[in-house]
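J.: Input: one structure, supplied below.
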Amino acid sequence: MDKQLFQKSKKIEKITFIFDLLAIVTYIALFLILFNLLELPPVINGRMNLDILQFMTPTYEFLGSNLDKWQMNSIISILVIFMVVAVPMFVINVKKNNTRTIYEIDSYVATSKFVQAMINVLSFNFISTGLRIYNTFVLIKFVKGYNAKEFFKSIPGAIRAKIAKMKEKKVVIDEENLDSYSASLKKSIRRQTTVHVFRLFGTYLFLVTMALIIIIPFYWMVLTSLKDFTGATTNNPEFFIGISRWNWVNYKVVLTALNFGVYIKNTVIVAVFSTIGTIFTTVLAAYAFARIEFKGREVLFSILIMTMMIPGELYIITNFITVSRNGLGWVGMPTGQNQYFLAMIIPFVTSISYIFFLRQNFKQIPESLYKAARVDGCSDFKYLTRVMVPIASPTIFTITILNVFSSWNAYIWPRIITGVGGVEGQQYWLISNALRDTAFVQESGRVMYNLQIAASALVTVPLLIVFFAFRKYIMNGIGRSGTKG
Amino acid sequence: MANLIIKIKKFFAMIGKSIKTFFWNVRRILNNFKKRVGNFLDRHHINPAGKAPGWAKALIYLSPALVVLAVFTFWPIINSFALVVYENYNMTNNTITGYTIFGNFIRVLTDESFIVPASHTGSSAVINTLIIVFISVPISIFLALAISVALNSIKPLKGFFQTIYFLPYVTNTIAIGLVFAYMFKTDGGLVNQFLKIFGVNVTGLSWVESNAVYWRSMFVLIFYSIWSALAFKIMVFLTSIQGIDKQYYQAAAIDATPKGRIFSKITVPLISPMIFYITVTSVIGAFKIYNAIVALFGVAGAPPGVRYNLQSIVMYIYQFIDGSNAGNLSVAAAASLILFAIILVLTIVQMQVSKKRVHY
């Protein structure tokens, strides 16, 4: 183990990250610039003329060269592919580089470095390529003790050895000479192996089929969102389309002309504030239920648990009365006096099931810790913020994500709230309402399926990004909350 | 160059230091203030923390949650019982014409399209919901069980498959519902293209459009609800299967037990509490189906221009809040209490059965 080589490799990797990051920033910046350049159809009488969207052939001037529609589509597509590859790779590498110890370096690490270098070549990130290849040789030196020169020299020998090994004849047991017992044993082993292989094959076939059923709607969504109107409504849809025909302008139309930018902003506002509120109220309440002794604690808690059974539909009827004119007056007032955000956020700033979930988590923290803290003069609140919240932080994080997801999916309550507001209420739609109730139609009244599906993709992709980033937390959280019963 | 870097470093250090000093100062002032308050309390022999009973402290912690819960959870429960006894409650001017005890319940139960199939559509909310529950729940549970057992038996690619199967959980119901409706389109829909491969005549084979028939639309709805419900079930089953003690399987392996018997005699009995729990929760969830129908068929609950309806119970309730019968909240409250009664019965059954331990 040469510690210096290990340190050197780590240092090189760190320098590589700078260039990786630069490349990612460049991709994103270029993508945004080009996306901004995309030309939209003209607006006639306050309405965008979507009929001519697919027949437009604008030319764009970029960095002194003229690009037509197809070249522009290709460039943006390539940039998106680069981003899809580079960003996760960067994140994973940073994480690995920070946690990898000297004992985990093996030849596999060196190989993967080389593969990453090749990916970097494909995404025009040449500086990182050079650094990674250099790093590969450092790692080879670390693992095998070879120099670069010795390494290349050793390759033919290794190949020759491998071939020789393959040519080596297998020892054949003469079956005729076996006694009957050994023969039957051998037969049975062979049969078991066959059964095992068939079963494994069947299992994988089943899993792959189910996985295809799960994944195809996503693929079809992304594919359709990039098609033009004819491509999305034709009788013989294509299953693959070339990158020059990925119409990124669909997304721009959805974001600007169909107002999805506003709806996403609304949803983010609602999600952020309701999540902050939820965390604040549930942590305090769960602490009270878990640690503070008071009369009627169990009674109060069981009342809360009992209300979990009641279907949400029962609440919505009265809550609608509560927030409307005869109650708090947040909606249903004359135009300009409505508080749609309050009405959408406040009813959801607490959740009994999260209180329950957190309380269980707090209860697992040993009581002696609390007593020790008290002896040291720690107040209750300080104990909560300094000891309990850090210990329970994975649970709190899971709750955060689940809460964000549920606001992202909220449909019926925002619909009722904004439905009474007429045209004004439409400005406060959340994305689910917008997806269902926006008219994705042409002048002639035909549904623009490609735009509708592009909007769906726009709503789904952020969720998927969050999911892949915090997969462990989400999946563990679901598994555990399920087992809680 | 090096000089410049050092200068920049110094500059940032200075900024950091001043921010730090600022916060330290704030802290110092606060601590001084605290000390003074403490001294004052000591001098007058006041000890607020010592004398306050537990519930006073608890109230401070509980108040944010309890205030919201009181307004938006407890009050609605009480108020729904009040609403059902009102006759012709008018929301806009908050007036009623009289009181009735069972009037609203009777109106719901005898209403066309709640239990009794309506004459112009031939379908009712309760029948639709029951069909969805009794078809989608068993199929999804069997599928989830099969997938999680299969997942548990493989090693390579396990995490990959697990991630893929989890995807439907994190999606927006409306968004993917629209994609499903698009996939089941009559002309050029993916499903019809797929059926064409097997020689099925797909011209005019509608699923979610105006030429569709009841069972085809229902099939799409059930397919979609199974698709979106699988993720959670697989996760829960997989976690509980992984929690089974390995010794059982080792003992079975020594006895050369067939795989089928291992599944039926070890796996299923040992996770039976979880299967039962999932059954009950998914039955409850299926009773409350709403978003999937809206996503596939719109707020009307049926493809345009057909003579049937796929309304569920929840959809029936919501039509009184916004929709054709808007404003009749008493009837909505009555219908939601009926839904609550169904769910209550199911929950009580679950509690009773799981008390007796479902294993063996």
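These protein sequence lines map, in sequence, to chains A and B. Every letter in the first sequence is one number past the one before it in my numbering, and letter 113, counting from 1, is 113. Every letter in the second sequence is one number past the one before it in my numbering, and letter 320, counting from 1, is 1320. Where is the CB? At the ideal position from N, CA and C, for every residue including glycine. Owing to the predicted nature of the structure, the values given are computational and were not obtained by experimental measurement.
#1: Out of B/1144, B/1170 and B/1274, state which residue places its alpha-carbon closest to the alpha-carbon of residue 461 of chain A.
#2: Output, in chain order, the set of chain A residues within a Cβ distance shorter than 8 Å of residue 1336 of chain B.
#3: Which residue's Cα is closest to the Cα of residue 1069 of chain B: A/347, A/446, A/408 and A/79?
#4: From which residue to which residue does the alpha helix (DSSP H) around residue 65 of chain A run?
#5: With distances taken from CA atoms, which of B/1250, B/1332, B/1310 and B/1313 is nearest residue 317 of chain A?
#6: At which residues does the beta strand (DSSP E) containing residue 62 of chain A begin and terminate?
#7: Alpha carbon to alpha carbon, how far is residue 1245 of chain B from residue 178 of chain A? Give it in angstroms, no decimals.
#8: Measure from the alpha carbon of residue 1311 of chain B to the alpha carbon of each residue in B/1143, B/1126 and B/1350, then state which is nearest.
#9: Quick check on residue 108 of chain A: buried or exposed, where buried means 16 or more other Cβ atoms within 10 Å of its Cβ?
#10: Got a sec? Which residues, its chain only, sit under 7 Å from residue 404 of chain A by beta carbon, not counting five neighbours each side?
#11: Could you give the DSSP three-state label for residue 1318 of chain B: helix, strand or coil?
#12: Check each candidate in B/1174, B/1081, B/1217 and B/1013 and name the one with the smallest Cα separation from residue 1307 of chain B.
#13: Determine, using beta-carbon pairs with one atom in the segment 362-370 of chain A and one in the segment 221-241 of chain A, whether at least three such pairs fall under 8 Å.
#14: Compare the C-beta of residue 1290 of chain B with all C-beta atoms of chain A and state if any pair is closer than 8 Å.
#15: What would DSSP say about residue 1283 of chain B, mapped onto helix, strand or coil?
#16: Is it right to say residue 205 of chain A is buried, meaning 16 or more other beta carbons lie within 10 angstroms of its own, or is it exposed?
#17: Which residues of chain B have a Cβ atom closer than 8 Å to the Cβ of residue 452 of chain A, listed in chain order?
#18: Could you tell me which residues DSSP puts in a beta bridge with residue 44 of chain A?
#19: To which residues of the same chain is residue 434 of chain A closer than 6 Å at the C-beta, ignoring the five residues directly before and after it?
#20: Compare the C-beta of residue 221 of chain A against all C-beta atoms of chain B and say whether one is closer than 8 Å.
#21: Helix, strand or coil, according to DSSP, for residue 125 of chain A in the structure here?
#22: Mapping DSSP to helix, strand and coil, what is residue 1112 of chain B?
#23: Between A/455, A/72 and A/431, which has its C-alpha nearest residue 440 of chain A's C-alpha?
#24: For residue 146 of chain A, which of helix, strand or coil comes out of DSSP?
#25: Is the segment 1219-1227 of chain B close to the segment 1292-1306 of chain B, with three or more CB pairs under 8 Å?
#26: Could you tell me the boundaries of the alpha helix (DSSP H) in which residue 285 of chain A lies?
#27: Exposed or buried, which one is residue 1318 of chain B when buried takes at least 16 other CB atoms within 10 Å?
#28: If you draw a straight line from the alpha carbon of residue 483 of chain A to that of residue 1065 of chain B, how long is it in whole angstroms?
#29: Compare the C-beta of residue 1170 of chain B against all C-beta atoms of chain A and say whether one is closer than 8 Å.
#30: For residue 16 of chain A, which of helix, strand or coil comes out of DSSP?
#31: Could you check if residue 103 of chain A is buried or exposed, using at least 16 other CB atoms within 10 Å of its CB as the buried criterion?
#32: Which residues share a DSSP beta bridge with residue 219 of chain A?
#33: Using CA atoms only, rank isn't needed, just tell me which of A/344, A/164 and A/269 is closest to residue 412 of chain A.
#34: Could you say which of A/304, A/73, A/80 and A/101 lies nearest to residue 59 of chain A if we only look at CA atoms?
#35: Report the residue ranges of all beta strand (DSSP E) runs contained in full by the segment 352-380 of chain A; include only those spanning at least 3 residues, in chain order.
#36: In terms of alpha-carbon separation, which member of B/1352, B/1276, B/1077 and B/1267 lies closest to residue 1247 of chain B?
T.: By the coordinates alone:
#1: Considering only B/1144, B/1170 and B/1274, the residue with the shortest C-alpha distance to residue 461 of chain A is B/1170.
#2: Residues of chain A with a Cβ closer than 8 Å to the Cβ of residue 1336 of chain B are, in chain order, 311, 313, 314 and 317.
#3: Put simply, of A/347, A/446, A/408 and A/79 the residue whose alpha carbon is nearest the alpha carbon of residue 1069 of chain B is A/347.
#4: Careful: residue 65 of chain A lies outside any alpha helix (DSSP H), inside the beta strand (DSSP E) at 65-67.
#5: The shortest Cα separation from residue 317 of chain A among B/1250, B/1332, B/1310 and B/1313 belongs to B/1332.
#6: Where residue 62 of chain A is concerned, the enclosing beta strand (DSSP E) starts and stops at 60-62.
#7: Answer to the nearest angstrom: the Cα atoms are 40 Å apart.
#8: Measuring from the Cα of residue 1311 of chain B, the nearest candidate turns out to be B/1126.
#9: Exposed: under 16 other Cβ atoms inside 10 Å.
#10: So the list reads 271 and 275, once near-sequence residues are dropped.
#11: In the structure shown, residue 1318 of chain B adopts helical secondary structure according to DSSP, grouped into three states.
#12: For residue 1307 of chain B, the nearest C-alpha among the options comes from B/1217.
#13: Result no; under three Cβ-Cβ pairs closer than 8 Å.
#14: Chain A contact via Cβ: present.
#15: Assigned with DSSP and collapsed to three states, residue 1283 of chain B falls in helix.
#16: With fewer than 16 other Cβ atoms within 10 Å, it is exposed.
#17: Within chain B, the residues near residue 452 of chain A are 1178 and 1182.
#18: Residue pairing by DSSP puts residue 44 of chain A in a beta bridge opposite A/47.
#19: Counting only Cβ-Cβ distances below 6 Å, and skipping sequence neighbours, we find 263.
#20: Output row for residue 221 of chain A: interface = yes.
#21: Three-state DSSP puts residue 125 of chain A in coil, outside helix and strand.
#22: If DSSP states are grouped into helix, strand and coil, residue 1112 of chain B belongs with the strands.
#23: Comparing Cα positions, the closest option is A/455.
#24: Coil, per DSSP.
#25: Contact between the segment 1219-1227 of chain B and the segment 1292-1306 of chain B is established, with three or more Cβ pairs separated by less than 8 Å.
#26: Counting along the chain, residue 285 of chain A sits inside the alpha helix (DSSP H) bounded by residues 260-290.
#27: With 16 or more other Cβ atoms within 10 Å, it is buried.
#28: Residue placement at residue 483 of chain A is flagged as unreliable, the pLDDT there being 42, under the threshold of 50; the coordinate-derived value follows with that caveat. Here the C-alpha atom of residue 483 of chain A lies approximately 25 Å from the C-alpha atom of residue 1065 of chain B.
#29: With 8 Å as the cut-off, residue 1170 of chain B counts as an interface residue toward chain A.
#30: For residue 16 of chain A, the three-state secondary structure derived from DSSP is helix.
#31: It is exposed - the Cβ of residue 103 of chain A has fewer than 16 other Cβ atoms within 10 Å.
#32: Answer is none; residue 219 of chain A lacks a bridge partner.
#33: Of the candidates A/344, A/164 and A/269, the one whose C-alpha sits nearest the C-alpha of residue 412 of chain A is A/344.
#34: Ranking A/304, A/73, A/80 and A/101 by Cα distance to residue 59 of chain A puts A/73 first.
#35: For secondary structure counted as the beta strand (DSSP E) over 3 or more consecutive residues, the segment 352-380 of chain A holds no complete run.
#36: Residue B/1267 is the option with its Cα nearest to residue 1247 of chain B.
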